[in-house]
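The structure under discussion appears below in the form of structure tokens.
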Amino acid sequence: MTRTAGQAGTDNRHHDVIVVGARCAGAPTAMLLARLGHRVLLVDRATFPSDTISTHLIHPPGLAALDRWGLLDRVVATGCPPIDTYAFDLGPFTIAGSPAGVGFEASYAPRRTVLDKILVDAAAESGAQVREAFTVREILSDGSTVSGITGHGKDGKPVTEHARVVVGADGLHSSVAKAVGAVGYAEKPKINAYYYTYWAGLAMRGTFEAYDRGDRAFAAWPTNDGLTMVICGWPMRDFEANRGDVEGNYHATLARAPAFAERVSAADRTERFVGMAVPNYFRKPYGPGWVLVGDAGYLKDPITAQGIQDAFRDAERCTRALDDTFAGRRTFDEAMRSSQEARDAEVMSMYEFTAEFASMEPPPPEMEQLLLATSRSQPAQDEFARLTAGVTRPEEFFGHMKERMAHEAGSPA
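Numbering (this note's numbering), first residue to last: 2 to 414.
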């Protein structure tokens, strides 16, 4: 919980904003605010480069954000290969299309050791004060309003910092969200457990490949250093039974697509298996003196790999709202309420689609017919790829497909 400021600590420097968490939501928030001239402190317990569990994928909308910030060239320069085709092998048929949109022909999937370092460096270059290896101990409050943090660096010396606003960009287990009791809504339980690792010698030729095999699914895509990330998923109901033999169940999942399993058998695993299973939720992302961005405020199943670009867009929304507040154009509540409404309007349909897409259950007949019709038209396949990339909204895709099917059947939609 929060405690009243002024009880402990040795450092009372003042900032406009303290950002807790320096990855895909926090570092861009700090960078953008600092570029606007605001006094920003960015803290993270990690030292960068640092790895974290992630799907890695940055779809075109996320690349557009990096381009706006002048950072896309840095990501591309790391040698991360472009991904210009998304292929979904559904068993009886495959849907393969281009995710191109918003001015970009391909996606990228950089290692987080690469991407997060670029983002943290950019925040520092923009004038934000960056403290790595910093552990936040408490969130301070001045009455009912959050006013700062206490924590310590590697030396263990207690430090107190105050700010007009504290931004929680510290993910699923956000200390800021916990301290302020951020209220959740539209919540869904964990759907699947996912495990991934990296393979050398597994050529992808610019393709994201996904396979749906009954109550198992897996996908693969290229990342840095000539490696391919391969991730397998199974329903949470099988989590306890499978966790004792992750490697065995991982390969049993791949074996449901024998041709792909053979490709993996000829490759070399380079790292350990990493697992994740996440809940699905929205949290009210603001209150007196505090804001949540990225996974701290909104999280969904990783099967559509939207997290990085969601974090980028959340950082931009948060920056605009806080800049409006500091400049006196809107009150804090007005600016942040508008930001929350914009976030929810933008992502809610993808949130629901992702939950349905992640469910490893046979699709209802109408959906099966729609997907089959999609596989028979290259424009429709491209549109499906854009849907999964977050370029096309779910309601747009399904509306277009129902109209097309009705037209082909000679009846009104």
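Backbone N, C-alpha and C fix where the C-beta goes; we use that ideal spot for every residue, glycine too.
Counting along the chain, no beta strand (DSSP E) covers E335; the unbroken alpha helix (DSSP H) around it starts and ends at 333 to 359. Annotation: the continuous beta strand (DSSP E) that includes I96 extends over 95 to 98. Between the segment 131 to 150 and the segment 46 to 55 there are three or more inter-stretch CB-CB distances shorter than 8 Å, so the stretches are counted as touching. Bounds of the beta strand (DSSP E) holding K189 are 185 to 189. If you check the CB distance, Y352 and K301 come in under 8 Å. Contact check for G185 against Y282 passes: the beta carbons are separated by less than 8 Å.
Taken through DSSP and simplified to helix, strand or coil, F327 comes out as helix. DSSP places S266 in the uninterrupted alpha helix (DSSP H) bounded by 259 to 266. DSSP lists T151 as the bridge partner or partners of T161. With a contact defined as Cβ atoms closer than 8 Å, A258 and R330 miss out at about 54 Å. Burial state of E335 is exposed, judged by a 10 Å Cβ sphere holding fewer than 16 other Cβ atoms. Sequence-distant Cβ neighbours of G295 in its own chain, meaning closer than 6 Å and more than five residues away, are A26, A170, A312, D315.
Residue pairing by DSSP places Q130 opposite L42 in a beta bridge. Distances from the CA of R270 to each of G298, Y287, Y251, G288 were compared; the closest alpha carbon is that of Y251.
In the structure shown, I309 adopts helical secondary structure according to DSSP, grouped into three states. Out of P364, E263, A306, the CA that lies nearest to the CA of Y195 is found in A306.
For A23, no beta strand (DSSP E) encloses it, and the DSSP letter there is neither H nor E.
Per DSSP, reduced to three states, the secondary structure at C233 is strand. Of all alpha-carbon atoms in R238, A31, T114, R264, the one lying nearest the alpha-carbon of G128 is that of A31. In chain order, G227, L228, A268, D269, T271 place their CB closer than 7 Å to the CB of A201, counting only its own chain and leaving out the 5 sequence neighbours on each side.
Classified as exposed, T332 has fewer than 16 neighbouring CB atoms from the shown chains inside 10 Å of its CB. The Cβ-Cβ distance between V18 and V44 does not fall below 8 Å. When rounded, the separation of the alpha-carbon atoms in I84 and Y197 is 19 Å. Look at T389 here: in three-state DSSP terms it is helix.
Taking the C-beta atoms as reference points, Y287 is found nearer than 8 Å to M337. When DSSP states are grouped into helix, strand and coil, F240 belongs to the helix group. A straight line joining the alpha-carbon of D68 with that of A410 spans about 43 Å. For the segment 57 to 143, the full-length alpha helix (DSSP H) segments reaching 4 residues or more read 61 to 69, 73 to 77, 113 to 126 along the chain. In the DSSP annotation of this structure, the continuous segment of the beta strand (DSSP E) that includes R284 starts and ends at 281 to 284. When DSSP reads this structure, F398 sits in no beta bridge, so it has no partner.
Short of 6 Å from the beta carbon of D90, and not among the five residues preceding or following it, lie these beta carbons of its own chain, in chain order: Y212. The beta carbon of D325 sits closer than 6 Å to the beta carbons of R331, A336 from its chain, once the five residues preceding and following it are set aside; these are given in chain order. Per DSSP, R217 is one residue of the beta strand (DSSP E) stretching across 217 to 223.
The bridge partners DSSP lists for G276 are Y196.
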